[in-house]
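Numbering (our numbering), first residue to last: 1 to 342. Data first, discussion second: the structure below is written as C-alpha cells.
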Amino acid sequence: MTKAVAADMDWNNLGFKYWDLPYRYQAVYKDGKWQKGGLVEDSNLTLSEAAEDFHYGQEVFEGLKAYRCKDGSVNLFRPEMNAKRMQDSAKRLCMATYPIDDFVAAVKEVVKANQEFIPPYGTGGSLYLRPFMIGTEPMVGVKPSKTYVFRVFATPVGAYIKGLTPMPYFVSEFDRAAYAGTGQAKTAGNYAGSLYPAMQAKSNGFADCLYLDPRDHKYIDEFGGANFYGITKDGQFVTPKSDSILPSVTKKSLLEIAGDLGMNPTETQIKMEDFDQFTEAGAMGTAAVISPVGSLTYKDQKFVPFSETETGPATKKLYDELTGIQMSERPDKRGWVQKVEL
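In C-alpha cells form, the structure reads like this:
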C-alpha cells in the first residue's frame, strides 16, 4: 500500500478510513516478558499460518484520538483509561498485559512521529490511534499463546458520524455478545458477530443497531459501536448498567460531566418498553463522540425521542462540554487531558 502524504490530505473530507502513515510502534512478548519496543516503518505483519490469533481469536484492541488545539498543541483524552481497559480485555482472553505507562508512552511516540498528519484545528478531524495486541504462537491445540505482538498505528479521520446529526437506529433481534461472555472485552470476535446485523440495519436505511441484553432481551444494552444514553422528561441522564457491554471511556466521562450539568446521572437497567420515557437519546463513544438518536425502530414501531432533524438541548450541552475539554477550550478540572510534547 502506498504511504500517505500529508500534502495530499483533504482535511475537511477525511471520512473514517485507514491511511498508511510513516510510523507505528511495536513491541514483542516472548520468554515470559515484554521486549523493548520502538517505532517501525513497515505497516505489514508476518505471521505463521498457525498463529493463535487466526484460529482461536486472541486479539484485543483500543481506540483513542489525538486532537489539534487552537494554539497548535496536541491533546490526548484519558489515554490511561484505554490502557487499563486493554489490560482488562487481555486478562479476559488469557493474554499478556501491556504496562499502562508503556502504553501511554507508545501512543505519544506514534502521535509525535506522525504529527504532520494530525488534522488542523477547526476541520473536525483528529488523529485516530489504534493500539492492538495479538497472539502469535503457531499452534493447532486450543490454549493461550506464549508470544504476542503489541502495536499502535495512527490514521487521520473525520467524524465517524458527521456532526450532531440525528440518525435513525434499529433494535436488532441478534445479540452483540453472549450472557457471561466477552461483552466487556474489546476483542475482534464481538465485532465480527455484529457485522451481519449492522449490514442488515444499514440495508434498511438505519445508521446502526441497538442491542438488547442477551439473557432476557428486555433491557437496552448498547449500539454496535457505541454506548447508549437517554435523557428523561425531568432532565436526568440515564445509561444502561450491564455485564455484557463494553466499559466506555466516553460514557464514564459523560457520567461525570452530566453530574456537573445537574443531570443527576445514573447507570441502571433500562427496559426497552420504557424507551418512551426519554425526551432525548444518543450513542456515545470515541469514534461517534455523541450521535443523537433521531428515531429508534423496535418491532415495526418507530419512536422519536426529540426530533429526526434537530439536536436536543441536553445532548448539545453534553457534546459541547466533552469536546471543549478534549480541545482545551473548557476547564479540565479533573486532569483528563494529557499534552503530547512535539
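All C-beta atoms in this analysis are idealised placements derived from N, C-alpha and C, irrespective of residue type, glycine included. As the structure is a computational prediction, the values presented were derived from the model and not from experiment.
A straight-line Cα-Cα distance of about 18 angstroms links residue 235 and residue 322. With a contact defined as Cβ atoms closer than 8 angstroms, residue 304 and residue 295 qualify at about 5 angstroms. The Cβ-Cβ distance between residue 155 and residue 128 falls below 8 angstroms. Here DSSP, grouped into helix, strand and coil, assigns residue 233 to coil.
For residue 303, the enclosing beta strand (DSSP E) has its first and last residue at 301–303. Between the stretch 167–185 and the stretch 211–218 there are three or more C-beta pairs closer than 8 angstroms, enough to call the two in contact. Distance from the Cα of residue 226 is smallest, within the candidate group 27, 279, 169 and 278, for 169. Nearest C-alpha to residue 124 among 337, 326, 338 and 339: 326.
Looking from the CA of residue 315, the closest CA among 281, 333, 285 and 332 belongs to 281.
In this structure the stretch 30–37 does not touch the stretch 4–18; the number of beta carbon pairs closer than 8 angstroms is below three.
Residue 134 sits in a strand when the DSSP states are folded into three classes. About 6 angstroms separates the Cβ atoms of residue 109 and residue 25, confirming a contact at the 8 angstroms cut-off.
Residue 248 places its beta carbon 8 angstroms or farther from that of residue 187.
In the DSSP assignment, residue 121 falls outside any beta strand (DSSP E), carrying neither H nor E.
Between the beta-carbon of residue 231 and that of residue 278 there is about 6 angstroms, and that keeps the pair under the 8 angstroms contact cut. Residue environment: residue 151 is assigned as buried (16 or more neighbouring CB atoms within 10 Å of its CB, all protein chains considered). When the beta-carbon positions are compared, residue 74 and residue 340 come within less than 8 angstroms of each other. Residue pairing for residue 74: DSSP places it in a beta bridge opposite 68.
Between residue 246 and residue 222, the gap from beta carbon to beta carbon is short of 8 angstroms. Relative to the Cα of residue 113, the nearest Cα in the group 242, 300 and 153 belongs to 153. Ranked by Cα distance from residue 45, the options 136, 286, 208 and 5 are led by 136. Secondary structure remark: continuous beta strand (DSSP E) runs of at least 3 residues inside the stretch 162–225, in chain order: 167–171, 208–212 and 220–223. If you check the CB distance, residue 86 and residue 62 come in under 8 angstroms. When DSSP reads this structure, residue 227 sits in a beta bridge with 222 and 284. An exposed status is given to residue 301, since fewer than 16 other beta-carbon atoms sit within 10 Å of its beta-carbon. Take residue 267, set aside five residues on each side of it, and the residues of its chain with a beta-carbon closer than 6 angstroms to its own are 239 and 241, in chain order.
A residue is called buried when at least 16 other Cβ atoms come within 10 angstroms of its Cβ; residue 199 does not meet this threshold and is exposed. Non-local beta-carbon contacts of residue 68 in its own chain, meaning distances under 7 angstroms to residues more than five positions away in sequence, involve 74, 118, 119, 120 and 121 in chain order.
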